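J.: Quick one: structure below, then a few questions.
Chains as they are written, first to last, in the working numbering: chain A, -5 to 396; chain B, -5 to 396; chain C, -5 to 396; chain D, -5 to 396.
Given below as structure tokens:
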């Protein structure tokens, strides 16, 4: 019996996270690399029937006219983030994916992202037309590659935040926004609509709106599909969700928590636009007060420092009071490659979303909470407790179908 | 109905941890301080019938001829660790405790600690005589103060490590070591024997041997009492037990973990003796490989830097590989007051051990694992999972007697 | 022969820097403190005929209705920056100074500072009236205290920056701005005019305009007096002026230099106003490119984090390339008390300005360059080379009168 | 007129520093690299008649049977310290140098270094025979390559320290140690004798004894040659010599200075031997008290952490008191490639030593003080003041011959 073919469709196929994931996927297929950094390669998952790395066929939407190979080489030579050898040996695989990439949409992505877009990216279509075009791309991909299922992961740059509090909670009303004179929905939500209406799985790895609004629950159930988001948790915020519970459980009073992030990749350039930055900062900042049960003074800054390339450096200064009220300090300095930390989680979630599909799971994949800064449908923000959700799911899933 | 009177007997009554705990206890009794830093003051414990702070009567063993008040003032003025006002207002309470302090024993504490001891500390008695004298002190304390129960916490300086692998596992053989020509047992174990034989509770807050040997299980059961240890987890090692699981769960490969600790209090002076330091370093070092499942290169150093006083500063450098094998770095700098971080845990555990007694619990109090670097009877070294043990116990205990 | 009496007039008498300086001056007069932190107490100055600490009589201008004692106690108890004992023993001295304080002026200080001002601070007077009132205050002070000379040091909060490029370079035209319908001059310059016209010495310890404009050279010479500024160099920028030359001399290519400053005192609160912050950031940022000879990407942020009080913490991340182009990193974390680092320099410069006066020096006191972020009349920004200017002056001054 | 040919003879030709220097020299000759990191490429030296990079012919002594190319590739791929491309393009140049390498001597290098040595390295010759063999190698090199002069730089691993206080101060007595039954002189001094007796220039870039003893002054003058040392100043100690004067000039009282160094290259492995480490620690530690004029508590540790490769990471914690006695803290973290920081200084000093020779300079080259942790013949330990010595020399040298 031949293996099923699974589609992995990346929105932002030629960005840093996608390029890194695809270099890694090629190396995994060729078994040229130990599976370090991949959660689903932990012994915990040994009994689970997950897709093989070779089951995946990759395509995607993108707005820039570059090549995945060049982007990956840039991470290798300019950022010194990847061994050049790994990129060179993935070249034919990357080039094949490049040929499957279609133009994305620029609705609501803001002027900074629009300036990066190629001239050929459609600018005249209305939101509904964009959704339909996206669906045609996905259907063509699935047909051409004979795919059993397609999982779409949004790894595009951060869009400007919108006020989502007034969006309708019912799908039938929400869906009409596509025809509104001033449609408030950003690209990420157009993708989400297109993807979920087709019954594909949708994972929002960015702080963009995507399928966050409540109305999507109805759509997801109607189409018997699944989704999760948002904003992958990979560095400074991962640390917050790990350290926050320590302070809470020891009854140490966090007075202030300052986080200063510097990095120099394209994502950083987009975040230099205050409109785009606002969404990111909000996503990095909310979880502390949820973990602690009170609101310490917080400050999150993100600055684009070109020389750092993909090396995200975060300095966090945590000022807390202990017994007898004495102030003390914890500082940490995180020096990680942004794309390298994010990329494996994209691959992990593609595997896990497909496993959930095979088990017949429908709705929000809350067991993926530990991967996200703002996990949809989950109040728990502590990392270890979020990981328990994953462990429990593995236990259930290892026991057999739902 | 009058409240029960509970004895809290501190071995090392005039050291930094004890002095700080006692300043705090005085402030808590007088309700002059918010209960920050105390785990048992978290909402989690609200339904539990814990002793009041005013239920506690304090005494202890000590080998130095100083006063608790002077030691606490030194923490206030030299280390700037405590507000002087808090110490001044605790003075009469501290002086009363000083009057209940008895001379401790110097068996096996090593030359560095012995040099700190007052001339009047008994040096001629043999181990069995020491045990008997300790028991007389405890009995006199209980009688004089009309105590329902006495909880003994060892907060003395770190003793030199001994090879405990050849100690007999059966109590009847173990107990005979007291009469051996060269009794290998250090002071902490003599105290543990004395305390547990009387049916008191014993908590070992130091890396010393204490009641760690397996044979103590039999003694504890025979006397229907309880114990726990060892080595309170308050700073750098707490961080290890919080961060270690993050690396494990994200499948990040820790290549090396270097921890450099500097501080200037008396504990630091004792640890400058290599014999004493060895026990501490071992206690700080083992848990990483247990959490990670493999052994990264580790290095733990502890240096006595006089100017720092009680301010323990730890720099940890964690070198790890992620996806595609790229090395990354996390560094943290912990600037905490050693005594202030340890002291509330001593008070917490006195309360919890008494609550366990009232529920009829006998044996090793494994639910206290999150307080220790080397929790007796518990393999789990991750802090959050250890804290679950405490949460589960609170749930059971809140539901009623055992 | 009795000692001369020297006036020290502080603009911002009740702020953190002034309060700290005055606690220290009291302790120095009473010889209750080693002279640590005072440059003029180095052996280098041993042969120089400097004023005694007891020669100084202090007064000043201020806009807030608080007491110096309360401000100093706040530094002691809230910020834990000063030993309370030192403040308590200075009380009568501080109270006497408080009685000599006059209301300052609010011209051009911006809304954030104005909101801090007492209701009684004059708000109706025009700039010329303000100057005249300031002069009356100074003259009354000198007369009442029988002073040989008055040195005025501006230690008030940072004013909003103004565009000074169009200010006239000739004094006669400049002086007419006082009568202009929309006088562009901020308070610091009104003080400078008032002070220098009277022949007093003027030191600008803040990044405010003060006597920076070129036209002041004419005024200073006409009145045969002296001045210097601006912006005391005490922490992060001191480090820049020390480390910058190392990178330059080793031909290490600084690609980016990020400095993130957090602190919680009143100065920090004022700097939270972007108008005021701009002046400070410019003053902290310019010197790197002057030292290096090229402009690396720089970022300076200053955030008000209330819990830190007077403890200014700066994290600087310096990304540089060495031989073969390999990027490397130097990071530093500075944890200093802002007021404690600035205060002694105020006292030092009062002494040195008076010594310069006695030697008959007129004009810009360039030998004080090492004390300033933006030293007037000096291009050299490297700290050690600036210190040579001071050493050479001491050598000349020790040899006798000019 | 053809250019003069200058010999550069490296003791430890295949170590990290030498390999890096030689990759760089090849790139400089081919003009494939900007001269970042090279002091002699600063504008300061523009007028000086320095040797061209292409004037240098390289050979050396070595005890390991590896190739320079492999060592350099290891720095590229394992340590990610050098771009692989640079090494690949230097290959033929490196291989040519390899062919000129001769076996070194193992006298007094200690067991750790001896274990690294190839079996063919002579072990039977006595010290005088070793000196003679070294001289034959140098003479053969000079003859074969038609060299005008040879400069020898010692970049071998750190030898164990010896007690040099009893060595004779007169050359005629000193020289007789070569025939002593138990000659106390380590390899570095045998090389120094051999080199200087031939009239070559000798630079000791390591903390080894080399030509440090006073008696060498006589030898150097007799042979009309020149020398300098010892121990290149490249990272943590460079920082000490830069920051120390800041504390001194601001009268800030350094109470303690802790430096913790971790790295994983071969040098680090040798320094794991306490005998070898002692020499290094002493060299890193002495200068603070010379700069400050008093002795703060200091601690220097050096640990071999394999995963770091050539990336030397130093954490320094400086605890100081300022005005009013308040303790404050400066910490820095230095993340540099050890070999990359040292290598250009080797090339710089080869050029400068040759320029000094052409000017007829004889004796200790004190103007090179800024390059060394323990500069021979110079008391000044502050980096900037040491650099003035270099600047003054350049000024003199640019003006014409001595």
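Even for Gly, the Cβ is constructed at its ideal location relative to N, Cα and C.
Computed from a prediction, not measured in an experiment: that's the story for all the values here.
Suppose contacts are defined by Cβ-Cβ distances below 8 Å. Is residue 69 (chain D) in contact with residue 341 (chain D) by that definition?
T.: no
J.: Note down, in chain order, every chain D residue with its Cβ under 9 Å from the Cβ of residue 329 (chain C).
T.: By Cβ distance, chain D contributes 322, 323, 324, 325.
J.: Could you check how far apart the C-beta atoms of residue 102 (chain B) and residue 56 (chain B) are, in whole angstroms? I think they sit under 8 Å.
T.: With 8 Å as the limit, residue 102 (chain B) and residue 56 (chain B) do not qualify as a contact, their Cβ atoms being about 17 Å apart.
J.: Would you say residue 74 (chain A) lies against chain D (beta-carbon separation less than 8 Å)?
T.: yes
J.: For the stretch 269 to 296 of chain D, enumerate the residues whose C-beta is nearer than 9 Å to any C-beta of chain B, in chain order.
T.: 290, 291, 293, 295
J.: In three-state terms, what does DSSP make of residue 163 (chain D)?
T.: coil
J.: Are there three or more Cβ pairs, one per stretch, closer than 8 Å when the stretch 313 to 320 of chain D is compared with the stretch 246 to 253 of chain D?
T.: yes
J.: Just checking my contact of residue 231 (chain A) with residue 190 (chain A) at CB under 8 Å: how many whole Å lie between their CB atoms?
T.: Not confirmed; about 26 Å, so no contact.
J.: Alpha carbons only, please: which of C:216, C:243, C:223 is nearest the one belonging to residue 228 (chain D)?
T.: C:243
J.: Taking any Cβ of chain D, which residues in the stretch 238 to 263 of chain B have a Cβ under 7 Å from it, in chain order?
T.: For the stretch 238 to 263 of chain B, residues whose beta-carbon sits nearer than 7 Å to a beta-carbon of chain D comprise 249, 250, 252, 254, 256.
J.: Determine the burial state of residue 332 (chain A): buried for a count of at least 16 other Cβ atoms within 10 Å of its Cβ, exposed for fewer.
T.: buried
J.: Starting from residue 50 (chain B), trace the beta strand (DSSP E) both ways and give me its first and last residue.
T.: 50 to 56
J.: Would you call residue 380 (chain C) buried or exposed, if buried means 16 or more other Cβ atoms sit within 10 Å of its Cβ?
T.: buried
J.: In angstroms with no decimal places, state the Cα-to-Cα distance between residue 110 (chain A) and residue 263 (chain A).
T.: 11 Å
J.: Thinking residue 370 (chain D) and residue 206 (chain D) are a contact (beta carbons under 8 Å), I'd like their distance in whole angstroms, please.
T.: 6 Å
J.: Along the stretch 370 to 382 of chain A, what residues have a CB closer than 8 Å to any CB found in chain B?
T.: 376, 377, 378, 379, 381
J.: Give the DSSP-derived three-state secondary structure of residue 87 (chain D) in the structure shown.
T.: Three-state DSSP puts residue 87 (chain D) in a helix.
J.: Taking the CB atoms as reference points, tell me whether residue 246 (chain C) and residue 1 (chain D) lie closer together than 8 Å.
T.: No, these two residues do not count as a Cβ contact at 8 Å.
J.: Return the chain-ordered list of same chain residues with a C-beta closer than 8 Å to the C-beta of residue 286 (chain B), the five sequence neighbours on each side being excluded.
T.: Excluding its 5 nearest sequence neighbours in each direction, residue 286 (chain B) has C-beta neighbours in its own chain below 8 Å: 238, 241, 242, 248, listed in chain order.
J.: Identify each residue in the stretch 57 to 73 of chain C for which the Cβ-Cβ distance to at least one residue of chain A is less than 8 Å, and report them in chain order.
T.: none
J.: Assign residue 235 (chain C) to one of three DSSP states: helix, strand, or coil.
T.: helix
J.: Bridge partners for residue 198 (chain D) per DSSP, in chain order?
T.: DSSP lists D:148, D:223 as partners of residue 198 (chain D).
J.: Run through chain D and tell me which residues come within less than 7 Å of residue 315 (chain C), C-beta to C-beta.
T.: 30
J.: List the endpoints of the continuous alpha helix (DSSP H) containing residue 128 (chain C).
T.: Per DSSP, residue 128 (chain C) belongs to the alpha helix (DSSP H) from 121 to 139.
J.: At a CB-CB cut-off below 8 Å, which residues of chain B make contact with residue 302 (chain D)?
T.: 250, 313
J.: Please confirm whether residue 197 (chain C) has its beta-carbon closer than 8 Å to some beta-carbon of chain A.
T.: no
J.: Here's a check: name, in chain order, each residue in its chain whose Cβ is nearer than 7 Å to the Cβ of residue 60 (chain A), leaving out the five neighbours to either side.
T.: Once the five neighbours on either side are set aside, the close Cβ partners of residue 60 (chain A) are 8.
J.: Helix, strand or coil: how does DSSP classify residue 108 (chain A) here?
T.: helix
J.: Which residues in the same chain have their Cβ closer than 8 Å to the Cβ of residue 300 (chain D), if we skip the five residues on either side of it in sequence?
T.: 258
J.: Taking C-alpha atoms, which residue in B:284, B:165, B:185, B:267 lies nearest to residue 122 (chain B)?
T.: B:185
J.: Measure the Cβ-Cβ separation of residue 198 (chain C) and residue 224 (chain C) and say whether it is below 8 Å.
T.: Yes, these two residues count as a Cβ contact at 8 Å.
J.: Identify, in the order they occur along the chain, each residue of the same chain with its Cβ nearer than 7 Å to the Cβ of residue 348 (chain C), setting aside the five sequence neighbours on each side.
T.: For residue 348 (chain C), where only same-chain residues beyond five positions count, the Cβ hits under 7 Å are 0, 45, 143, 145.
J.: Which residues in the same chain as residue -3 (chain D) place their Cβ atom closer than 6 Å to its Cβ, once the five residues preceding and following it in sequence are excluded?
T.: 49
J.: Under 8 Å between C-beta atoms, does residue 307 (chain B) make it to chain D?
T.: yes
J.: Strictly by DSSP, which residues pair up with residue 2 (chain C)?
T.: C:52, C:145
J.: From which residue to which residue does the beta strand (DSSP E) around residue 250 (chain B) run?
T.: 247 to 257
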